[in-house]
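There are 2 protein chains.
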Amino acid sequence: MNMNDLPTTWTLARRAERMNPSVIREILKVTEKPGIISLAGGLPSPKTFPVAAFAAASAAVLANDGPSALQYAASEGFGPLREAIADFLPWDVSPDQVLITTGSQQGLDLIAKVLIDTDSRVLVETPTYLGAIQAFTPMEPKVVAVASDDEGVLVDDLVAKVGTGADKARFLYVLPNFQNPTGRTMSDARRAALVAKAAELNLPLVEDNPYGDLWFDNPPPAPLTARNPEGCIYMGSFSKVLAPGLRLGFLVAPKSVYPKLLQAKQAADLHTPGYNQRMVAEVMKGGFLDKHVPTIRALYKEQRDAMLAALTKEMQGLSVEWNKPDGGMFLWLRLPEGVSAIELLPKAVERNVAFVPGAAFYADDADHRTLRLSFVTSTAEQIATGIAALAAAIRDHQAKG
Amino acid sequence: MNMNDLPTTWTLARRAERMNPSVIREILKVTEKPGIISLAGGLPSPKTFPVAAFAAASAAVLANDGPSALQYAASEGFGPLREAIADFLPWDVSPDQVLITTGSQQGLDLIAKVLIDTDSRVLVETPTYLGAIQAFTPMEPKVVAVASDDEGVLVDDLVAKVGTGADKARFLYVLPNFQNPTGRTMSDARRAALVAKAAELNLPLVEDNPYGDLWFDNPPPAPLTARNPEGCIYMGSFSKVLAPGLRLGFLVAPKSVYPKLLQAKQAADLHTPGYNQRMVAEVMKGGFLDKHVPTIRALYKEQRDAMLAALTKEMQGLSVEWNKPDGGMFLWLRLPEGVSAIELLPKAVERNVAFVPGAAFYADDADHRTLRLSFVTSTAEQIATGIAALAAAIRDHQAKG
Numbered sequence: 001m002n003m004n005d006l007p008t009t010w011t012l013a014r015r016a017e018r019m020n021p022s023v024i025r026e027i028l029k030v031t032e033k034p035g036i037i038s039l040a041g042g043l044p045s046p047k048t049f050p051v052a053a054f055a056a057a058s059a060a061v062l063a064n065d066g067p068s069a070l071q072y073a074a075s076e077g078f079g080p081l082r083e084a085i086a087d088f089l090p091w092d093v094s095p096d097q098v099l100i101t102t103g104s105q106q107g108l109d110l111i112a113k114v115l116i117d118t119d120s121r122v123l124v125e126t127p128t129y130l131g132a133i134q135a136f137t138p139m140e141p142k143v144v145a146v147a148s149d150d151e152g153v154l155v156d157d158l159v160a161k162v163g164t165g166a167d168k169a170r171f172l173y174v175l176p177n178f179q180n181p182t183g184r185t186m187s188d189a190r191r192a193a194l195v196a197k198a199a200e201l202n203l204p205l206v207e208d209n210p211y212g213d214l215w216f217d218n219p220p221p222a223p224l225t226a227r228n229p230e231g232c233i234y235m236g237s238f239s240k241v242l243a244p245g246l247r248l249g250f251l252v253a254p255k256s257v258y259p260k261l262l263q264a265k266q267a268a269d270l271h272t273p274g275y276n277q278r279m280v281a282e283v284m285k286g287g288f289l290d291k292h293v294p295t296i297r298a299l300y301k302e303q304r305d306a307m308l309a310a311l312t313k314e315m316q317g318l319s320v321e322w323n324k325p326d327g328g329m330f331l332w333l334r335l336p337e338g339v340s341a342i343e344l345l346p347k348a349v350e351r352n353v354a355f356v357p358g359a360a361f362y363a364d365d366a367d368h369r370t371l372r373l374s375f376v377t378s379t380a381e382q383i384a385t386g387i388a389a390l391a392a393a394i395r396d397h398q399a400k401g
Numbered sequence: 001m002n003m004n005d006l007p008t009t010w011t012l013a014r015r016a017e018r019m020n021p022s023v024i025r026e027i028l029k030v031t032e033k034p035g036i037i038s039l040a041g042g043l044p045s046p047k048t049f050p051v052a053a054f055a056a057a058s059a060a061v062l063a064n065d066g067p068s069a070l071q072y073a074a075s076e077g078f079g080p081l082r083e084a085i086a087d088f089l090p091w092d093v094s095p096d097q098v099l100i101t102t103g104s105q106q107g108l109d110l111i112a113k114v115l116i117d118t119d120s121r122v123l124v125e126t127p128t129y130l131g132a133i134q135a136f137t138p139m140e141p142k143v144v145a146v147a148s149d150d151e152g153v154l155v156d157d158l159v160a161k162v163g164t165g166a167d168k169a170r171f172l173y174v175l176p177n178f179q180n181p182t183g184r185t186m187s188d189a190r191r192a193a194l195v196a197k198a199a200e201l202n203l204p205l206v207e208d209n210p211y212g213d214l215w216f217d218n219p220p221p222a223p224l225t226a227r228n229p230e231g232c233i234y235m236g237s238f239s240k241v242l243a244p245g246l247r248l249g250f251l252v253a254p255k256s257v258y259p260k261l262l263q264a265k266q267a268a269d270l271h272t273p274g275y276n277q278r279m280v281a282e283v284m285k286g287g288f289l290d291k292h293v294p295t296i297r298a299l300y301k302e303q304r305d306a307m308l309a310a311l312t313k314e315m316q317g318l319s320v321e322w323n324k325p326d327g328g329m330f331l332w333l334r335l336p337e338g339v340s341a342i343e344l345l346p347k348a349v350e351r352n353v354a355f356v357p358g359a360a361f362y363a364d365d366a367d368h369r370t371l372r373l374s375f376v377t378s379t380a381e382q383i384a385t386g387i388a389a390l391a392a393a394i395r396d397h398q399a400k401g
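So the sequence lines, in the order shown, correspond to chains A and B.
Okay, so the first sequence: first residue is 1 according to full-length UniProt numbering, each after it adds one.
Okay, so the second sequence: first residue is 1 according to full-length UniProt numbering, each after it adds one.
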């Protein structure tokens, strides 16, 4: 029989229709032309990767503990790494509450599986991290945006958006430190008010903190989870303080949800590579992060300053607005009235600079004038050149109106 | 405000109720007492891990390509590894069809997300790999077992089980080589008949092949996917030929499903660690697997022979039946009439030997007399001692009847 005479029809799950390629990854492909200055992607500067420390750690792990590092392992994660994480966090965390994940993106996938039913209401900030929406989407939630200002989510709007009965929101997803995409940080007062209101509303919080260690002048206020551990799941990552290519993140969950997250983890990939977990545990020994992270902060602060200086210089007279992030990787910019970031992008790429249009980050009504600029992937010199090109593209766009 | 006065209620998704801890992992915990001979777990022998090759590969990757290995990367996987996999497979595969996964367990998770709706019919063998059922469960399928014999799934029963209309099975999951849990292998004739019948029924096949390279005397027949690539998703793994602790697997999918599997992958963990992918690509250079895999085959064959010899010697007069696997890691045993493997287990553990009761592997009516024995984790000497202890436990159980 010739199988070509009997072509197989693959019936896809309904959720597959909702899945889409990441807008950002598609943009990054368009902007991969040689010589372009990318202010688009959220790629940490490779200069910050401690290659020598990893090489030493890898050799040590394989020499001292090779067979265990290469064997199947517990779904919860490598014990000493869970302990190191619990010690590192600024509130009282038991290692038993720490679940190691294959990057913090996987934490979002596990949370979605355990907490979202079809049509469940899920609350997010305005705008919010695109990857979170992508991770939630396969579980088919109704994603509802809570109004937000320069400090993040507006507590008063929670009451209007939380829903009731079967439509009660399962959780609010929030990224309080140097948010992706806006770079904004939630103040201490806002955190206190949010945690209190969430407790009053019996609304669980999912706190994502990949950038919190990348502060420039002062550490950010205490995490939401530190204020009410039983009401929050906390997510952290080694992608920004060590390297993303190892895919190592973690979550901290209360006892009421931890066992189900663990079962979802086991079904998803059995466990995160034990070899990678041991390498990071080895690198962390002797307070390595205390010495290493300040070097990342210094570099990114210098590059943020370069971006702010270039914006001040180049955007004169253009009615462009931007914020001043206190840490992290991103800055948020608003174009003049009538200028759409999506329409501007190809003109910027022609001038060899790329960014991500802000519309990608809104769960509902997008502000099409916004865009996200990364100050970590490119050098200070490239940033200056790139911002000048961006300003030229805006001028050109306005002139042709 | 004291948050303890306002405890948060976490509403779990309906699917979370269906999730359960792996029976096997729970058994493994019970059997972790010192001195026990484990014939239970499917842990590859650590002797087979090429630690020195990994050490050299890790040093080379970090020295030559460190920043790229440690950076975010494409969700599809590392290009040279995808090419090496496509070259290695025994049919015409384009690297574009290869998706790198974080262990082949993740392949099952992605397939479940893309192909299973709530209450979708999914067909499995009798018995089948427990981890597959665990990966499918969060998408809430109706798992239906197809009758199987010593060669695997019975083609005639497919017609009875495939369903019609909205209840038409989304796919049949099948593990043709040295199956987990039974160790059985599907004959060439059965493969041909299954692929033809599946095409006739317009039934997609999901072929899982983690053990296919671990043959002892002769390679198994050609994969199902090689016979009808457009009608099958193929899954492979480096866990058994190199090491499981790196969590590296892959799937090969036709163009009609690949893009959705890729989007599910991106949402699940962005990408599999690029560092690990480069290490394996580096280790594979120069035909390493052609030299290394035969050493694993030789060791496991010796240990299988030790198990068969011990069974012949120790089970005399006990009406115990077992098969003779042609490769892989597992042997399937059937206890005498009236002896339940679950009831036998604690008595075996008292005698310092552990196994996995077969009931764990059935999607529906279980044969409680069956059990799975692994011949890879323990040495030939340990296997001989363990089988003697198992026979003593059976005799003791029968005597106390």
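Where is the CB? At the ideal position from N, CA and C, for every residue including glycine.
- Contact note: residue 91 of chain B does not reach chain A at a C-beta cutoff of 9 Å; the least C-beta distance is about 12 Å.
- Residue environment analysis places residue 9 of chain A among the exposed positions, since fewer than 16 neighbouring C-beta atoms fall within 10 angstroms of its C-beta.
- For residue 235 of chain A, the enclosing beta strand (DSSP E) stretches over residues 232-237.
- Against residue 71 of chain A, the close residues of chain B are 43, 46, 244 and 245, in the order they occur along the chain (beta-carbon pairs closer than 7 Å).
- Beta-bridge analysis with DSSP links residue 321 of chain B to B:334.
- Look at the region 118-143 of chain A: the residues with a C-beta under 8 Å from a C-beta of chain B are 118, 120, 131, 134, 135, 137, 138 and 139.
- Going by beta carbons, residue 327 of chain B and residue 177 of chain B fall inside the 8 Å limit.
- Residue 243 of chain B carries a coil assignment under DSSP once its states are collapsed to helix, strand and coil.
- Within chain B, the residues 51, 52, 54, 55 and 58 have their CB atoms less than 9 Å from the CB of residue 62 of chain A, given in chain order.
- Contact annotation: the region 124-132 of chain B touches the region 172-191 of chain B, with at least three C-beta pairs closer than 8 Å.
- At a cut-off of 8 Å between beta-carbon atoms, residue 14 of chain A makes contact with chain B.
- Short of 8 Å from the beta carbon of residue 281 of chain A, and not among the five residues preceding or following it, lie these beta carbons of its own chain, in chain order: 78, 80, 81 and 84.
- Of B:330, B:303, B:251 and B:359, the smallest CA-CA separation from residue 96 of chain B is found for B:251.
- For residue 10 of chain A, at least one C-beta of chain B is nearer than 8 Å to its own C-beta.
- Within chain A, no C-beta atom comes less than 8 Å from the C-beta of residue 374 of chain B; the nearest is roughly 12 Å away.
- Exclusion of the five residues before and after residue 315 of chain B leaves 391 as the residues of its chain whose Cβ lies within less than 6 Å of its Cβ.
- Around the beta carbon of residue 136 of chain A, 16 or more other beta carbons sit within 10 angstroms, so the residue counts as buried.
- Scanning chain B for C-beta atoms nearer than 7 Å to the C-beta of residue 273 of chain A yields 245, 246, 247, 273 and 276, reported in chain order.
- Boundaries of the beta strand (DSSP E) harbouring residue 142 of chain B: 142-145, taken from the DSSP string.
- A:133 is the residue among A:111, A:133, A:90 and A:199 whose C-alpha sits nearest the C-alpha of residue 18 of chain A.
- Shown here, residue 268 of chain B sits in a helix according to DSSP, grouped into three states.
- Beyond the five residues adjoining it in sequence on each side, residue 94 of chain B comes within less than 8 Å, by CB distance, of 86 in the same chain, given in chain order.
- In this structure residue 255 of chain B is exposed. Its beta-carbon is surrounded by fewer than 16 other beta-carbon atoms within 10 angstroms.
- Going by DSSP, residue 58 of chain B is part of the alpha helix (DSSP H) stretching over 51-69.
- The continuous beta strand (DSSP E) containing residue 250 of chain B extends over residues 249-252.
- Boundaries of the beta strand (DSSP E) harbouring residue 374 of chain B: 370-374, taken from the DSSP string.
- Pairwise C-beta distances place the region 191-210 of chain A out of contact with the region 296-314 of chain A, as fewer than three of them are shorter than 8 Å.
- When the alpha-carbon of residue 234 of chain A is set against those of A:355, A:90, A:288 and A:275, the nearest one is in A:90.
- Judged by pairs of C-beta atoms under 8 Å, the region 356-370 of chain B does not touch the region 280-295 of chain B, as fewer than three such pairs exist.
- Neighbours of residue 264 of chain A in chain B, taken as residues at a C-beta separation under 7 Å, are given in chain order as 19 and 138.
- Within the region 335-353 of chain A, contact with chain B at the beta-carbon level (separation under 9 Å) is assigned to no residue.
- Within chain A, the residues whose beta carbon sits less than 7 Å from that of residue 170 of chain B are 11, listed in sequence order.
- At a cut-off of 8 Å, the C-beta of residue 210 of chain A has no neighbouring C-beta in chain B.
- One finds nothing in chain A with a Cβ atom closer than 7 Å to the Cβ of residue 280 of chain B; even the nearest lies about 11 Å away.
- Between residue 104 of chain A and residue 237 of chain A, the C-beta spacing is below 8 Å.
- Using a Cβ distance threshold of 8 Å, residue 173 of chain B and residue 206 of chain B count as a contacting pair.
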